[in-house]
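Below: one structure, written as structure tokens.
In the numbering used here, the protein residues as written are 1439 to 1543.
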């Protein structure tokens, strides 16, 4: 079964609330479902080669690896994630959130 990757791109409208309520809680929650971050989160340095999605460049580009798509979906649909989700939706805009299948083992 191939690994799965969660990709998140978003613009922060309230950095303090986003980090304290959402971003700081994500790594431990991801780990509960066998996942791990592959990027450092809101403080990652990004080198844009192209950006035709918005008129502004996103503040957060995060990638998480999970053992499989089912684990990624279980994390995304978990009560723990639902509890912190308002801290993301209330403090960000232009969100892109996707689960992508890996190539396999």
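Every residue gets a Cβ at the ideal spot worked out from N, C-alpha and C, and that includes glycine.
Residue i - DSSP class collapsed to helix/strand/coil
i: residue 1525; result: helix
i: residue 1481; result: helix
i: residue 1465; result: helix
i: residue 1486; result: coil
i: residue 1507; result: helix
Integer-rounded CB distance, given that residue j should sit under 8 Å from residue i
i: residue 1475; j: residue 1500; result: 7 Å
i: residue 1472; j: residue 1509; result: 5 Å
CB contact flag (residue i, residue j, <8 Å)
i: residue 1454; j: residue 1532; result: no
i: residue 1460; j: residue 1526; result: yes
i: residue 1498; j: residue 1537; result: no
i: residue 1444; j: residue 1486; result: no
i: residue 1426; j: residue 1440; result: This structure leaves residue 1426 out entirely; the chain is present only between 1439 and 1543.
i: residue 1522; j: residue 1463; result: yes
Status (buried if at least 16 other CB within 10 Å, exposed otherwise) for residue i
i: residue 1529; result: buried
i: residue 1466; result: exposed
i: residue 1458; result: exposed
i: residue 1484; result: exposed
i: residue 1502; result: buried
Below-8 Å beta-carbon distance, residue i vs any chain C residue
i: residue 1440; result: Annotation note: the requested chain C is absent from the structure, which comprises a single protein chain.
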